[in-house]
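As they're listed, the protein sequences go chains L and R.
For what it's worth, the UniProt record's numbering labels the leading residue of the first sequence as 1, then goes sequentially.
For what it's worth, the UniProt record's numbering labels the leading residue of the second sequence as 1, then goes sequentially.
All residues carry an ideal CB built from backbone N, CA and C; glycine is no exception.
Note that the structure is a prediction, hence the values are computed from the model and not measured.
One structure below.
There are 2 protein chains.
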Amino acid sequence: MPQGQPSVVPDDGLTTRQRRNRPLVFVHTGPGKGKSTAAFGLALRAWNQGWPIGVFQFVKSAKWKVGEERALTVLGASGEGGTVDWHKMGTGWSWVQRDRQLSNEEAAREGWEQVKRDLARETYRLYVLDEFAYPMHWGWVDPAEVVEVLRDRPGNQHVVITGRNAPAELVDYADLVTEMGKVKHPMDTGQKGQRGIEW
Amino acid sequence: MPQGQPSVVPDDGLTTRQRRNRPLVFVHTGPGKGKSTAAFGLALRAWNQGWPIGVFQFVKSAKWKVGEERALTVLGASGEGGTVDWHKMGTGWSWVQRDRQLSNEEAAREGWEQVKRDLARETYRLYVLDEFAYPMHWGWVDPAEVVEVLRDRPGNQHVVITGRNAPAELVDYADLVTEMGKVKHPMDTGQKGQRGIEW
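As structure tokens, this is what we get:
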């Protein structure tokens, strides 16, 4: 139950309205569950505002997130809220030619190149860069470049980045960082992933 | 990127299949953002499985969660996945007579009584008890009774409970507990809540 009351009023020369509508960068990191799930929950609010949403899934497997993908696709096509474009690395990015064989590293970089193009064109109002912390953590995409591109992005574009081990530069730059801590997980006691819960 | 590999195989006499389809209790607690958002994200997966979903919002204000409510209501009515019933304490539970004036404490108890009835009848496959940690924390609903009801619930019903300060009995009993830690929040630097982001 957030109270909506800031604890400090900054001396930044902005009006309340300008400050209120500031484009934000969110990072959901940490070992616990809920990082991506909370990002897709945020997409529901964006959809309700009628915002165009771009999801970029930086994961190899196409198995995960099928529930979220179908739900957001149905919502995006319902004509009642915003639109949703769902881009998947796992089955090959749609803008990459089918006959090009990409390593995971190359595929992650191709994804990031497209995000840069879309940010420059202001294609979306909300970007969900799902599991994008991994390619940065693995050194495939330079976190310093990501921060620079985010800092210079035009207009009013919100960006959510998920994944464990978000790099320090990104955490320092982000407006909102949530660390999902694992307190208890059924897999610790032998519970396997199940349909409707894990995917 | 969960690997789906349990770290321990328990000696509980259950088959893998029985263990896999075990009904689960989730708790999303802690001071950070994403507790409710992740619960609604989970509801997207449940919807995709065609499960009936019951959301019980244990909050006074009807302002919050409007995006999630509209999105899940549109999904529930789309005929493509599960159904969604959205119950709100803030505007008065639908099963409580309009002319009855309830205190917050009474209203929270009425909500819990309905959850108990629905669990007994197996009305839903997924229950989102949003902000339900508060009435327990405040002593309005007895956590020991909640644990008892959850332990004895019939069938295959999953329950997600959100809110800060989840009581210890519930955390001990739950299958999955995620503590959302606040690393950084824009309100700390004077950013006010904004449309599409906070609601």
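key: Buried versus exposed call for R/Asn48 [16 or more other C-beta atoms within 10 Å across all chains shown]   = buried
ask   = With R/Leu102 and R/Glu113 assumed to form a contact (beta carbons below 8 angstroms), what rounded beta-carbon distance in angstroms separates them?
value = Contact flag wrong, Cβ pair sits at about 12 angstroms.
request  = Please name the residues in the segment 79-94 of chain R whose beta-carbon is closer than 8 angstroms to at least one beta-carbon of chain L, in chain order.
outcome  = Glu80 and Gly81
request  = Would you give the residue range spanned by the alpha helix (DSSP H) that R/Phe40 belongs to?
outcome  = Per DSSP, R/Phe40 belongs to the alpha helix (DSSP H) from Lys35 to Asn48.
request  = Identify the contact partners of R/Thr37 in chain L, using a Cβ-Cβ distance below 9 angstroms as the criterion.
outcome  = Going along chain L in sequence order, the residues near R/Thr37 (Cβ under 9 angstroms) are Gly34, Thr37, Ala38, Ala39, Phe40, Gly41, Leu42, Leu44 and Arg45.
key: Helix, strand or coil at residue 200 of chain R according to DSSP, with G and I counted as helix   = Only positions 1 to 199 of chain R appear in the structure, and residue 200 of chain R is not among them; the question remains open.
request  = Let me know the secondary structure DSSP gives R/Tyr173 once reduced to three states.
outcome  = Assigned with DSSP and collapsed to three states, R/Tyr173 falls in helix.
task = Give the residues of chain L in contact with R/Gly196, contact being defined as C-beta atoms less than 7 angstroms apart.
result = Result: Arg45, Ala46, Gln49 and Trp51.
ask   = Between L/Pro143 and L/Glu169, which are expected to be in contact by the criterion C-beta below 8 angstroms, what is the C-beta distance as a whole number of angstroms?
value = 5 angstroms
task = Tell me, to the nearest whole angstrom, how far the beta carbon of R/Gly67 is from that of L/Gly34; I am working on the premise that it is less than 8 angstroms.
result = Actually they do not touch by this definition, with Cβ atoms about 18 angstroms apart.
ask   = Got a sec? Which residues, its chain only, sit under 8 angstroms from L/Ala133 by beta carbon, not counting five neighbours each side?
value = Val27, Thr29, Ile161, Thr162, Gly163, Arg164, Asn165, Ala166, Pro167 and Leu170
query = For L/Leu129 and chain R, any beta-carbon pair shorter than 8 angstroms?
reply = Among the CB atoms of chain R, none fall inside 8 angstroms of the CB of L/Leu129.
key: C-beta contact flag for L/Leu126 and L/Ala38 at 8 angstroms   = no
task = Kindly indicate the opening and closing residues of the beta strand (DSSP E) around L/Thr29.
result = For L/Thr29, the uninterrupted beta strand (DSSP E) run begins and ends at Val25 to Thr29, by DSSP.
ask   = In chain order, what residues of the segment 126-153 of chain L put their CB closer than 8 angstroms to some CB of chain R?
value = Going along the segment 126-153 of chain L in chain order, one finds Leu126, Glu131 and Tyr134 with a Cβ nearer than 8 angstroms to chain R.
request  = Just mark L/Trp51 as buried or exposed, buried being the case when its beta carbon has 16 or more other beta carbons within 10 Å.
outcome  = Burial call: buried.
query = How about R/Gly67: is its C-beta nearer than 8 angstroms to some C-beta of chain L?
reply = yes
message = In the DSSP assignment, the alpha helix (DSSP H) including L/Val115 goes from what residue to what residue?
response = Asn104 to Arg121
ask   = Of all the CB atoms in chain R, is at least one closer than 8 angstroms to the CB of L/Gly181?
value = yes
query = Do you know offhand how far L/Leu129's Cα is from L/Met136's?
reply = 12 angstroms
key: Check whether L/Val115 and L/Met89 have beta carbons under 8 angstroms apart   = no
query = So which residues of chain R does L/Leu75 contact, with C-beta pairs closer than 9 angstroms?
reply = Ala71, Val74, Leu75 and Ser78
task = Consult DSSP for L/Tyr124 and reduce its assignment to one of helix, strand or coil.
result = coil
query = Buried or exposed: L/Ala108, going by 16 or more other Cβ atoms within 10 Å of its Cβ?
reply = Under this definition L/Ala108 is a buried residue.
ask   = Is the beta carbon of R/Gly196 less than 8 angstroms from the beta carbon of L/Arg70?
value = no
key: Anticipated Cβ contact below 8 angstroms, R/Val25 with R/Ala174, distance rounded   = 5 angstroms
query = If we ignore side chains and look at the alpha-carbon of each, how far apart do R/Gly155 and R/Glu148 end up?
reply = In a straight line, the C-alpha of R/Gly155 is about 15 angstroms away from that of R/Glu148.
task = Within 10 angstroms of the Cβ of R/Glu105, are there 16 or more other Cβ atoms? Answer buried if so, exposed if not.
result = exposed
query = Who are the near neighbours of L/Ser36 in its chain, counting only those whose CB is closer than 6 angstroms to its CB and skipping five residues on each side?
reply = So the list reads Asp130 and Thr162, once near-sequence residues are dropped.
message = Going by C-alpha to C-alpha distance, which of R/Lys182, R/Asp99, R/Asp172 and R/Tyr124 sits closest to R/Gly76?
response = R/Tyr124
ask   = Per DSSP, L/Met136 is paired with what?
value = According to DSSP, which records beta bridges pairwise, L/Met136 is partnered with nothing at all.
query = Taking DSSP as the reference, what is the three-state secondary structure of L/Thr91?
reply = coil
inquiry  = In this structure, how does DSSP classify R/Val159 when only helix, strand and coil are distinguished?
reply    = DSSP places R/Val159 in the strand class (E or B) of the three-state scheme.
ask   = Straight-line CA distance for L/Arg153 to L/Val159?
value = 10 angstroms
request  = Please name the residue or residues paired with L/Lys182 in a DSSP beta bridge.
outcome  = Bridge partners of L/Lys182: R/Thr178.
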